[in-house]
Amino acid sequence: ADSLYVSEYFSQSAQKLSFYSWYGNAKLFHFHVPEDTVLLRWLLQASRGKGPECTDMEVTVHFRYGAPPVINPLGTRFPANATVRPSYNISIALSSAAQNTTFVNITTPAAGHWFIAAHLPEAAGRIEVKGFSTPCPYIFQADMFVLRLTDMPVLEPGVAMPQTIVSPAKPLHAKVFVPKHAAGMQLELRSCVTSEQKACAVRVVLGSITLPQSFQRIVTCVGNITCSLALDSPPWEKWLQIMVESLGATNGSVSLVMLASFTACRPGSSSSFLSFLSLNQSQTSPRPGSAAAAGSSAVPAGEASHNVSKQRSFCLQTQPVVREDLDVVSVRYRLLNGPSVPVGSLSPTLLLLNLNTGMDSGGSLVINLLLNKTSLSLANATVAACVSAASPVLSLNATQNCSTAFFQGYPLSVRTSSAEAMLIVLYPQTDVWFLSLQLLCPKGQGECKAAEAKVTVFAYLTPCFNDCGPYGQCSLLRRHGYLYAGCSCKAGWGGWSCTDDTKAQSVGVQNLATLLLTLSNLMFLPAIAVAVHRCYLVEASVYTYTMFFSTFYHACDQPGVAVMCIMDYDTLQYCDFLGSVVSIWVTILCMSRVKKILKYVLFVLGTLLIAMSLQLDRRGVWNMMGPCLFALVIMIAAWVHHGVKRRHCYPPSWKRWVFYLLPGITLAFIAISVYAFMETNENYYYTHSIWHVLVACSVAFLLPPRDKHKKPWAWSQKLTCRYQICQNDREELYAVT
Numbered sequence: 127a128d129s130l131y132v133s134e135y136f137s138q139s140a141q142k143l144s145f146y147s148w149y150g151n152a153k154l155f156h157f158h159v160p161e162d163t164v165l166l167r168w169l170l171q172a173s174r175g176k177g178p179e180c181t182d183m184e185v186t187v188h189f190r191y192g193a194p195p196v197i198n199p200l201g202t203r204f205p206a207n208a209t210v211r212p213s214y215n216i217s218i219a220l221s222s223a224a225q226n227t228t229f230v231n232i233t234t235p236a237a238g239h240w241f242i243a244a245h246l247p248e249a250a251g252r253i254e255v256k257g258f259s260t261p262c263p264y265i266f267q268a269d270m271f272v273l274r275l276t277d278m279p280v281l282e283p284g285v286a287m288p289q290t291i292v293s294p295a296k297p298l299h300a301k302v303f304v305p306k307h308a309a310g311m312q313l314e315l316r317s318c319v320t321s322e323q324k325a326c327a328v329r330v331v332l333g334s335i336t337l338p339q340s341f342q343r344i345v346t347c348v349g350n351i352t353c354s355l356a357l358d359s360p361p362w363e364k365w366l367q368i369m370v371e372s373l374g375a376t377n378g379s380v381s382l383v384m385l386a387s388f389t390a391c392r393p394g395s396s397s398s399f400l401s402f403l404s405l406n407q408s409q410t411s412p413r414p415g416s417a418a419a420a421g422s423s424a425v426p427a428g429e430a431s432h433n434v435s436k437q438r439s440f441c442l443q444t445q446p447v448v449r450e451d452l453d454v455v456s457v458r459y460r461l462l463n464g465p466s467v468p469v470g471s472l473s474p475t476l477l478l479l480n481l482n483t484g485m486d487s488g489g490s491l492v493i494n495l496l497l498n499k500t501s502l503s504l505a506n507a508t509v510a511a512c513v514s515a516a517s518p519v520l521s522l523n524a525t526q527n528c529s530t531a532f533f534q535g536y537p538l539s540v541r542t543s544s545a546e547a548m549l550i551v552l553y554p555q556t557d558v559w560f561l562s563l564q565l566l567c568p569k570g571q572g573e574c575k576a577a578e579a580k581v582t583v584f585a586y587l588t589p590c591f592n593d594c595g596p597y598g599q600c601s602l603l604r605r606h607g608y609l610y611a612g613c614s615c616k617a618g619w620g621g622w623s624c625t626d627d628t629k630a631q632s633v634g635v636q637n638l639a640t641l642l643l644t645l646s647n648l649m650f651l652p653a654i655a656v657a658v659h660r661c662y663l664v665e666a667s668v669y670t671y672t673m674f675f676s677t678f679y680h681a682c683d684q685p686g687v688a689v690m691c692i693m694d695y696d697t698l699q700y701c702d703f704l705g706s707v708v709s710i711w712v713t714i715l716c717m718s719r720v721k722k723i724l725k726y727v728l729f730v731l732g733t734l735l736i737a738m739s740l741q742l743d744r745r746g747v748w749n750m751m752g753p754c755l756f757a758l759v760i761m762i763a764a765w766v767h768h769g770v771k772r773r774h775c776y777p778p779s780w781k782r783w784v785f786y787l788l789p790g791i792t793l794a795f796i797a798i799s800v801y802a803f804m805e806t807n808e809n810y811y812y813t814h815s816i817w818h819v820l821v822a823c824s825v826a827f828l829l830p831p832r833d834k835h836k837k838p839w840a841w842s843q844k845l846t847c848r849y850q851i852c853q854n855d856r857e858e859l860y861a862v863t
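Note that my numbering gives residue 211 to position 85 of the sequence shown, counting from 1, and the numbers run on in steps of one.
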């Protein structure tokens, strides 16, 4: 009978793409492929807006099984000792068409977690003020279709199972469960004949497809002879898919017999499989090779030769490991019998690192090995190690490439001349990981039968390796319920962990940037002096507030080592933004020359409204433009009122226009142009310093002259004189009509 297939559809909400500067700009999609899936189809939809700002664009899409893809669009360096394997990616072009739809098909995909990451090309580095320009929206959405076989035949170990391939268009699918501690597997096809009783030709595919690397085993069987396929270290406690395709030209059926058998790994005892010691059992510290358990403590020198004969039949020695969850994407692995583990030559020592919770793949797995030189009597001996997922490497030797049936492991080695080794696995795939260690001798294993080395093992999962270093910030990212981490680099540093100093700023440049951005605020001192000289004490207080917080905000905002924070960063940023906008507000209102009571009411009311708007959206352009425009309307209305009342242009003096207003307005427009259109990440420290200087100088030019009936520095006389003569402060008392 024909097999029953069920199709399922999974979709996630679309995301707006960003230009790439660090991993946080890549938009992540997380899917789960169910068991018994024989066909996976991705539907990738990319679209763009229709405005004139939208140009031709290329979207890069990365795929990976088990963990988020490790990508490097900028071509930067990864940290030393990090394992990097290129991701599988495709490009989707958005040119004349506003939308592009692409399909990606995968046959017999691996069941479990799959990830897609999409991003635009490298960011230009220009700092855009929110609201001045409208960026083109680029949207990306990924949908997943799966075709699942509901009645997939189960192949039992040691039991021959006859099967029939109906036609070449309908391949045979089956699965077999790999038990724990399976050292090897062999699949046999027997009695393969066609419906015409002729010799058949079939192709056998063992395993599932994983990206970016796939390790499917394929063998072609021709004739009715027995065809077999052997695997070393198959994945433990997983279903293994088997697909058999008929290569015949006709539509006739093919019958065959399938048989699967396993070779058991019997570590530590001849009567049972290996089991990790419980916490209570570990307190008794049993020796390796004992009948009670597979040992984990060091073997005394006198007993080493006694246990050699027993260890010959052992597949491996195990060490009990406790997983200790510390925080989000933060795990420490603790060995119950101490950090130092004994390593022999007859069988590998095995450590199990559990990373199969589904939430561990968003960090970095760090493994550090340290050889105790005094424990190794053979100077030329080497401790070889291999880190692998799904199943361990059960035999390490000089020619072994640290691979299992479906995974290419990561090799490590320590010796007397190089006693330390480190491995960093970026975004380790969701699975059970194994660390295998074995002592190797250059003249053969017979040389170090009774030898033993002690290796200290430190293993932990961290969100960001080395916390991104002094020039980076580790950020925890989220996609729905999935959490992962990435490094945002500063001061020109780059790379996955901010270790690439190709474009890094020197310490001198960092100090120069800090000095420019902070000391440029001292240009407010002339504006403060002018305001005090003309008896504008409220305005002078605002300028002093702005100068103080802008100075210390930029001292705290620096990306390098020249940093000083006197308060919380967010508080300094808010006070800097508030002071900047309020300074513009009070300056324009002061220029309007309205009555004092009305001016001070507008000062207070405007400051309160500006504080509220900054709390809602700190970087919105209308937080600055709104108060400016409203204050300009008030100023223009007041100037028109004064001009109509006097029947003369206001301000009346041409010198005031030529030597003060026009230079001040010119400086203000240049400052706004620099701030809105010229700032980039590379030139920020001097373009923003120019903004400080221009704004401060424009304020000094734009402040109106003092009232004619007031003397310069008149406010100081009020501080020392106990009595004062009241005078008429009406605004237009001195005006010439």
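All C-beta atoms in this analysis are idealised placements derived from N, C-alpha and C, irrespective of residue type, glycine included. Remember, it's a predicted structure, so these values are computed and weren't measured experimentally.
Sequence-distant partners of I736 (beyond 5 residues in either direction) whose C-beta falls short of 8 Å from its own C-beta, in its chain, are L704, V707, V708, W711, N749 and P753. In the structure shown, the three-state DSSP call for F650 is helix.
Residue L715 holds the alpha-carbon nearest to the alpha-carbon of V759 among L715, A375, L549 and L382. The Cβ atoms of T163 and R343 lie no closer than 8 Å to each other.
For Y801, same chain residues with a beta-carbon under 6 Å away, outside a window of 5 residues either side, are W817 in chain order. In this structure F136 touches M270 by the C-beta definition: roughly 4 Å separates them, less than 8 Å.
Here the C-alpha atom of S490 lies approximately 52 Å from the C-alpha atom of V825.
The C-beta distance from K580 to S517 rounds to 26 Å, too long to meet the 8 Å contact threshold.
In the three-state DSSP reduction, T233 falls in the strand class (E or B). The beta carbons of V513 and V469 sit no closer together than 8 Å.
In the DSSP annotation of this structure, the continuous segment of the beta strand (DSSP E) that includes K580 starts and ends at A579 to T588.
Annotation for F303: W365 place their beta carbon closer than 6 Å to its own, counting only its chain and skipping 5 residues before and after. For K722 and F827, the gap between their C-alpha atoms comes out near 21 Å.
When DSSP states are grouped into helix, strand and coil, T625 belongs to the coil group.
Non-local beta-carbon contacts of D557 in its own chain, meaning distances under 6 Å to residues more than five positions away in sequence, involve N482, A515 and A516 in chain order. Check the Cα spacing between D182 and each of L246, P568 and R190: the tightest is with L246. Under DSSP, no beta-bridge partner is assigned to A666. Counting the other Cβ atoms within 10 Å of the Cβ of W780 gives fewer than 16, which makes it exposed. Taking a contact to require three or more Cβ pairs closer than 8 Å, the segment 280 to 297 and the segment 170 to 185 do not qualify as touching. Less than 8 Å separates the beta-carbon of H188 from that of A243. Of the candidates S133, V583 and E184, the residue whose Cα lies closest to the Cα of E161 is S133.
C682 carries a helical assignment under DSSP once its states are collapsed to helix, strand and coil.
Taking C-beta atoms as the reference points, Q555 and S487 count as a pair closer than 8 Å.
The C-beta of M693 has fewer than 16 other C-beta atoms within 10 Å across all chains shown, which makes the residue exposed. By the neighbour-count criterion, in which a residue is buried when 16 or more other Cβ atoms sit within 10 angstroms of its Cβ, F785 is exposed.
Apart from sequence neighbours up to five positions away, the residues of its chain that approach G612 with a beta-carbon distance below 7 Å are W148, Y149, G150, S601 and L603, ordered along the chain. Each of L645, T444 and T672 was checked against the Cα of Q564, and the nearest Cα belongs to T444. Your pair V383 and A286 checks out as a contact, with CB atoms roughly 5 Å apart and the cut at 8 Å. In the structure shown, the three-state DSSP call for K153 is strand.
An exposed status is given to C775, since fewer than 16 other beta-carbon atoms sit within 10 Å of its beta-carbon. S213 sits away from V185, with the two beta carbons spaced by 8 Å or more.
The beta carbons of P194 and Y586 sit no closer together than 8 Å.
In the three-state reduction of the DSSP assignment, V712 falls in the helix class. In terms of CA proximity to M690, C682 leads the group A386, C682 and T697. Residue environment: L731 is assigned as exposed (fewer than 16 neighbouring CB atoms within 10 Å of its CB, all protein chains considered). Exclusion of the five residues before and after F675 leaves L698, C701, D702 and G705 as the residues of its chain whose Cβ lies within less than 7 Å of its Cβ.
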